[in-house]
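Residue numbers (numbering that gives the first Met the number 0): 0 to 975.
First comes the structure, then the notes that go with it.
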Amino acid sequence: MDAKSGLFAGSLNSNELVVIQEHNEPKTVKNLDGQVCEICGDSVGRTVDGDLFVACEECGFPVCRPCYEYERREGTQVCPQCHTRYKRIKGSPRVEGDEDEEDIDDIEYEFKMEEERYKLKHEESMRSRDDNENTKYGELPLSSHSGANFDNKEKTDDWKLQQGNLLIETDAVDPEKAMKDETRQPLSRKVAIPSGRLSPYRMMVVTRLILLILFFEYRIFHPVPEAIGLWFISVSCEIWLALSWMVDQIPKWFPIDRETYLDRLSVRFEPENKPNMLSPIDIFVTTADPIKEPPLVTANTILSILALDYPAHKISCYVSDDGASMLTFEALQETAEFAQKWVPFCKQFSVEPRAPEKYFSEKVDFLKDKIQTTYVKERRTMKREYEEFKVRINALVAKSMRIPAEGWSMKDETPWPGNNTKDHPSMIQIILGHYGGDNKDNELPSLVYISREKRPAFQHHTKAGAMNALLRVSAVLSNAPFVLNLDCNHYVNNSKVVREAMCFFMDIQLGNSIAFVQFPLRFDSLDRNDRYANKNTILFDINLRCLDGIQGPVYIGSGCIFRRKALNGFDPPKAAKRSQIVQVHSKQDENGEDESIIADEDKQLLQSDMNTEDKFGKSTLFMNSSLTEEGGVDPSSTQEALLKEAIHVMSCSYEDRTLWGYEVGMSYGSIAADTLTSLKMHTRGWRSIYCMPKRAAFRGTAPINLTERLNQVLRWAVGSLEILFSRHCPLWYGFKEGRLKVLQRIAYINSTVYPFSALPLTIYCIIPAICLLTDKFITPSVGTFASLVFISLFISIFASAILELRWSGVSLEEWWRNQQFWVIGSVSAHLFAIVQSLMGGFLSRLNAHFSIVSKTPDVDGEFNQLYTIRWTVLLIPPTTVTIINLIGIVAGFTDAINSGEHEWGILIGKLFFSSWVIAHLYPFLKGLMGRQNRTPTLIVIWSVLLASIFSLVWVRIDPFVMKTKGPDVKQCGISC
Numbered sequence: 000m001d002a003k004s005g006l007f008a009g010s011l012n013s014n015e016l017v018v019i020q021e022h023n024e025p026k027t028v029k030n031l032d033g034q035v036c037e038i039c040g041d042s043v044g045r046t047v048d049g050d051l052f053v054a055c056e057e058c059g060f061p062v063c064r065p066c067y068e069y070e071r072r073e074g075t076q077v078c079p080q081c082h083t084r085y086k087r088i089k090g091s092p093r094v095e096g097d098e099d100e101e102d103i104d105d106i107e108y109e110f111k112m113e114e115e116r117y118k119l120k121h122e123e124s125m126r127s128r129d130d131n132e133n134t135k136y137g138e139l140p141l142s143s144h145s146g147a148n149f150d151n152k153e154k155t156d157d158w159k160l161q162q163g164n165l166l167i168e169t170d171a172v173d174p175e176k177a178m179k180d181e182t183r184q185p186l187s188r189k190v191a192i193p194s195g196r197l198s199p200y201r202m203m204v205v206t207r208l209i210l211l212i213l214f215f216e217y218r219i220f221h222p223v224p225e226a227i228g229l230w231f232i233s234v235s236c237e238i239w240l241a242l243s244w245m246v247d248q249i250p251k252w253f254p255i256d257r258e259t260y261l262d263r264l265s266v267r268f269e270p271e272n273k274p275n276m277l278s279p280i281d282i283f284v285t286t287a288d289p290i291k292e293p294p295l296v297t298a299n300t301i302l303s304i305l306a307l308d309y310p311a312h313k314i315s316c317y318v319s320d321d322g323a324s325m326l327t328f329e330a331l332q333e334t335a336e337f338a339q340k341w342v343p344f345c346k347q348f349s350v351e352p353r354a355p356e357k358y359f360s361e362k363v364d365f366l367k368d369k370i371q372t373t374y375v376k377e378r379r380t381m382k383r384e385y386e387e388f389k390v391r392i393n394a395l396v397a398k399s400m401r402i403p404a405e406g407w408s409m410k411d412e413t414p415w416p417g418n419n420t421k422d423h424p425s426m427i428q429i430i431l432g433h434y435g436g437d438n439k440d441n442e443l444p445s446l447v448y449i450s451r452e453k454r455p456a457f458q459h460h461t462k463a464g465a466m467n468a469l470l471r472v473s474a475v476l477s478n479a480p481f482v483l484n485l486d487c488n489h490y491v492n493n494s495k496v497v498r499e500a501m502c503f504f505m506d507i508q509l510g511n512s513i514a515f516v517q518f519p520l521r522f523d524s525l526d527r528n529d530r531y532a533n534k535n536t537i538l539f540d541i542n543l544r545c546l547d548g549i550q551g552p553v554y555i556g557s558g559c560i561f562r563r564k565a566l567n568g569f570d571p572p573k574a575a576k577r578s579q580i581v582q583v584h585s586k587q588d589e590n591g592e593d594e595s596i597i598a599d600e601d602k603q604l605l606q607s608d609m610n611t612e613d614k615f616g617k618s619t620l621f622m623n624s625s626l627t628e629e630g631g632v633d634p635s636s637t638q639e640a641l642l643k644e645a646i647h648v649m650s651c652s653y654e655d656r657t658l659w660g661y662e663v664g665m666s667y668g669s670i671a672a673d674t675l676t677s678l679k680m681h682t683r684g685w686r687s688i689y690c691m692p693k694r695a696a697f698r699g700t701a702p703i704n705l706t707e708r709l710n711q712v713l714r715w716a717v718g719s720l721e722i723l724f725s726r727h728c729p730l731w732y733g734f735k736e737g738r739l740k741v742l743q744r745i746a747y748i749n750s751t752v753y754p755f756s757a758l759p760l761t762i763y764c765i766i767p768a769i770c771l772l773t774d775k776f777i778t779p780s781v782g783t784f785a786s787l788v789f790i791s792l793f794i795s796i797f798a799s800a801i802l803e804l805r806w807s808g809v810s811l812e813e814w815w816r817n818q819q820f821w822v823i824g825s826v827s828a829h830l831f832a833i834v835q836s837l838m839g840g841f842l843s844r845l846n847a848h849f850s851i852v853s854k855t856p857d858v859d860g861e862f863n864q865l866y867t868i869r870w871t872v873l874l875i876p877p878t879t880v881t882i883i884n885l886i887g888i889v890a891g892f893t894d895a896i897n898s899g900e901h902e903w904g905i906l907i908g909k910l911f912f913s914s915w916v917i918a919h920l921y922p923f924l925k926g927l928m929g930r931q932n933r934t935p936t937l938i939v940i941w942s943v944l945l946a947s948i949f950s951l952v953w954v955r956i957d958p959f960v961m962k963t964k965g966p967d968v969k970q971c972g973i974s975c
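As structure tokens, then:
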């Protein structure tokens with residue numbers, strides 16, 4: 000049977016065949032021609048109309064008409080696969096319960112049904128009479144014609160019972176059988192967006208597209224002769240922006256949600272009195288600068304990881320310190336000591352979140368759902384312990400400000416190896432083993448500190464290089480099949496987040512093809528109005544959900560759980576060919592012989608790939624670890640040997656003449672290494688999952704001052720353009736393999752070309768001021784039809800946005816903030832990203848290289864950093880655009896006052912566009928002025944200078960002199 004027809008679960012202990020089909024996938028009944036009945040083995044046959052006979056419209060389970068009618072008449076009247084009640088098919092007699100169905104009434108078969116009932120009653124009466132006669136003479140019942148039917152029924156029931164297609168009703172519920180049924184259920188499912196919300200949105204998008212075509216038909220064929228240059232530029236910008244909207248809109252056609260079942264995961268992989276079968280996981284935390292990334296922030300992230308609601312012996316946390324800071328190392332030791340108290344407290348009282356700073360600062364009823372009388376006392380004690388822990392961390396920070404002339408030394412007077420942060424050897428220390436607690440009940444995950452080797456002659460590839468070093472070290476020490484990547488400022492807000500991901504990865508039918516599960520990121524410490532759109536709700540709540548309906552979301556740099564095999568550069572496994580397709584949901588339900596065959600084939604394939612050292616480097620331990628599908632290291636290896644090998648694989652020369660960063664691990668070649676890595680994975684055929692649990696999985700901090708935010712946007716834009724201008728350009732990359740879906744490719748194209756929208760958008764922001772200064776307009780006088788098209792298009796833009804917000808759940812304020820910062824980022828960061836990408840390294844002083852955004856929490860006051868303005872050239876273009884539009888508005892009002900009342904109607908149309916520009920730039924202006932109106936003088940000087948030059952170029956006459964209409968008196972004289 001076709002694998003797409005349904006999802007099956009079965010085992011040898013329970014003679015049942017259960018289908019589990021995803022709710023949002025179309026339940027097709029195609030490709031059934033030539034199928035045989037799964038009950039009796041005969042041909043399925045055709046209906047009275049000549050079509051292929053399909054007994055169950057829900058799953059298409061192949062059953063012939065005789066078995067179908069027998070099941071409806073004598074059986075349970077349900078499909079043996081999906082347990083959906085059989086509907087009456089044309090040509091079949093009615094049975095009890097059909098009266099409730101809205102179906103075609105076949106009058107000619109009503110009499111046959113009555114005749115069939117009469118025959119059944121007659122046969123039963125004959126059987127009872129024969130039985131009475133045989134009993135009377137002391138004989139056993141004989142097999143007459145009617146008795147043969149009775150015997151056949153018993154044999155059929157016995158055979159169906161053996162095949163698992165006959166359900167026996169019992170009053171008592173067998174707990175063991177119910178448990179087995181639970182283990183066959185899916186661990187997750189797709190949840191379709193309600194059509195009542197999605198269909199109006201799609202219709203409005205189509206309507207908007209039609210109106211755009213009508214708009215451009217008018218704009219192109221109705222030029223403005225007196226301002227032909229202005230008209231041509233404006234139409235060109237409008238066409239580009241319309242195409243940009245279309246490319247952004249196409250991948251949004253199939254948004255979905257997902258739902259996980261954590262209880263089923265526990266039942267299946269955490270059985271009582273048996274070993275825990277959940278997969279191990281390695282967690283990577285990257286940090287590079289203890290000044291911009293304070294140790295207390297990193298410590299809270301580590302504590303939230305160590306307190307995860309997951310078996311402690313299956314968690315290994317690796318902290319990469321690219322700054323080789325002794326402050327980070329000592330803070331990590333203090334964190335490990337405090338974790339021995341914090342982790343048991345979290346697990347005992349099930350607190351959320353498990354980052355202490357956030358937990359103790361929340362203004363909520365902390366007694367809600369707490370039933371243990373000792374909770375209040377323990378919480379007070381733990382809060383006091385945490386305050387003392389913060390004091391110790393702050394003391395370490397204060398100590399680090401006074402750097403000794405001879406460099407730092409450790410407690411045993413040994414010089415700190417990382418005194419020179421750009422030239423130091425590899426460092427590694429296992430701070431916590433798996434039994435870091437006081438006893439087995441307080442068992443803690445392992446915690447490992449590493450700092451990879453740095454030498455001036457080598458390229459280290461910033462965060463992507465650190466991630467690859469973590470990937471190799473963890474493969475040598477723990478080798479979990481899954482890895483979680485977190486930035487040091489993103490703490491775990493939902494302690495069950497790993498279980499959420501395992502509901503996808505450990506699904507044996509779907510999980511093998513999943514490369515990574517991406518979670519949305521939420522942020523703390525933002526101003527109430529989110530002035531600079533730091534929440535990125537359009538990305539997290541709309542765009543990524545839409546991509547999940549295609550091939551999966553892109554990797555966004557943090558909050559992502561990977562399959563190690565996908566990071567190691569392998570292709571997804573091909574579907575196994577079996578004579579009988581019996582798909583299951585848990586590993587223990589698989590047939591052992593088939594599993595071993597597939598495992599052997601995969602291992603041979605991996606071995607063939609691992610034969611060359613040119614791909615993975617010269618490490619036997621690492622290559623052997625990569626061959627292990629279920630993770631784990633060789634138990635015969637000593638800890639000394641493993642640490643020695645770990646030092647070897649994170650040396651800066653290890654990646655030389657290998658494919659690390661190109662086909663293996665995180666990708667090099669772009670600042671946006673996250674987007675490039677996910678592009679390569681999707682091109683190989685992997686898919687990804689977007690998981691949005693009800694409680695946010697991760698939360699963190701975001702830059703709230705204008706300068707840091709613009710630098711962050713600039714870095715993203717430069718990274719996208721680096722991908723566009725490389726051999727990995729999504730316009731053509733991966734066409735040979737053919738595994739990247741068309742809509743997914745369009746989404747990647749949009750994610751790399753979006754900075755180019757800055758050019759037409761910047762021009763379009765200046766055009767209103769030009770119209771006001773030159774007394775010209777970009778459109779001629781419009782008629783009734785053109786006015787109707789313009790108004791309808793304007794309404795459709797807002798209507799499509801509102802309907803998009805309706806199905807996504809994003810608020811109108813968040814959408815408006817996103818639109819505002821789209822304009823701000825385009826006329827500043829995106830503009831400079833284009834210039835830098837085209838001019839190469841000439842403008843490297845614009846800080847577009849990988850720079851660390853400050854993650855320091857706002858402790859000096861309420862959003863004090865929101866008003867902090869630091870000099871950057873990125874602030875000049877939007878300031879210039881604002882001043883030009885303000886000058887244009889003043890000039891337009893002056894000209895209207897001097898020209899008379901008939902000019903006010905035209906002025907209102909021109910002022911609308913200038914007001915549109917200023918309204919979008921308002922958050923920028925508010926941030927630029929600051930709380931104390933302290934704007935850097937250099938920004939004001941450059942902006943006023945550029946605005947003045949631009950205005951003088953366009954203004955040929957004095958707008959404050961009244962314009963005269965009619966003939967020129969200087970030429971005609973007074974007599975004319």
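Even for Gly, the Cβ is constructed at its ideal location relative to N, Cα and C.
Distance check for residue j and residue i, CA to CA, integer angstroms please.
i	j	result
S524	V497	25 Å
N299	I430	16 Å
H22	S913	Reliability fails at H22, whose pLDDT of 41 lies under 50, so the model's placement of it is uncertain and no value is given.
F481	L566	10 Å
Q638	P552	39 Å
T700	W715	17 Å
F734	A404	58 Å
M466	P455	19 Å
K679	F388	43 Å
K643	S635	15 Å
L620	G568	17 Å
L211	V205	10 Å
Quick one: what's residue i bridged to in DSSP?
i	result
G490	Checking the sequence shown, residue 490 turns out to be Tyr, not Gly. Answer by DSSP bridge pairing, in chain order: R698.
C559	N484 and Q517
V826	V826 is not bridged to any residue.
Y732	Note: Y732 sits in no beta bridge, so no partner.
Y317	F283 and V447
S983	There is simply no residue 983 to check, as the chain begins at 0 and stops at 975 in what is shown.
Quick test of your reading: residue i and residue j, contact by CB under 8 Å. State the CB separation rounded to the nearest angstrom.
i	j	result
M381	S795	At roughly 56 Å, the Cβ-Cβ gap does not stay under 8 Å, so M381 and S795 are not in contact.
Y260	A463	Not really, about 35 Å apart at Cβ, beyond 8 Å.
K313	L277	6 Å
I want to check one thing, is the minimum distance from the CB of residue i to the heavy atoms of the ligand FMN below 7 Å?
i	result
S198	Absent from the structure shown: the ligand FMN. Ligands present: none.
### Message
Check whether the stretch 662-677 and the stretch 464-474 touch, using three or more Cβ-Cβ pairs below 8 Å as the test.
### Response
These segments touch.
### Task
Taking only runs that begin and end inside the stretch 222-302, name each unbroken alpha helix (DSSP H) of 4 or more residues, in chain order.
Taking only runs of at least 4 residues, the alpha helix (DSSP H) segments lying wholly in the stretch 222-302 are 227-248 and 261-268.
#### Entry: the stretch 409-423 in contact with the stretch 319-328 per 3-pair CB rule at 8 Å
Taking a cut-off of 8 Å for Cβ pairs, the stretch 409-423 and the stretch 319-328 touch, as three or more such pairs fall below it.
### Entirely enclosed beta strand (DSSP E) segments - the stretch 638-701, minimum 3 residues
Runs found: 686-689 and 697-700.
### Query
Within the chosen definition, does the stretch 326-345 reach the stretch 440-451 through at least 3 CB pairs nearer than 8 Å?
yes
### Three or more C-beta pairs below 8 Å linking the stretch 213-228 and the stretch 505-523
no
### Query
Is it a yes or a no for the stretch 869-886 touching the stretch 692-710, going by three-plus beta-carbon pairs under 8 Å?
yes
### Message
For the stretch 714-731 against the stretch 817-833, do three or more pairs of beta-carbon atoms, one drawn from each stretch, fall closer than 8 Å, so that the two count as touching?
### Response
Under the 8 Å Cβ criterion, the stretch 714-731 counts as touching the stretch 817-833, having at least three qualifying pairs.
### Query
Does the stretch 246-266 touch the stretch 281-289, meaning 3 or more C-beta pairs lie closer than 8 Å?
no
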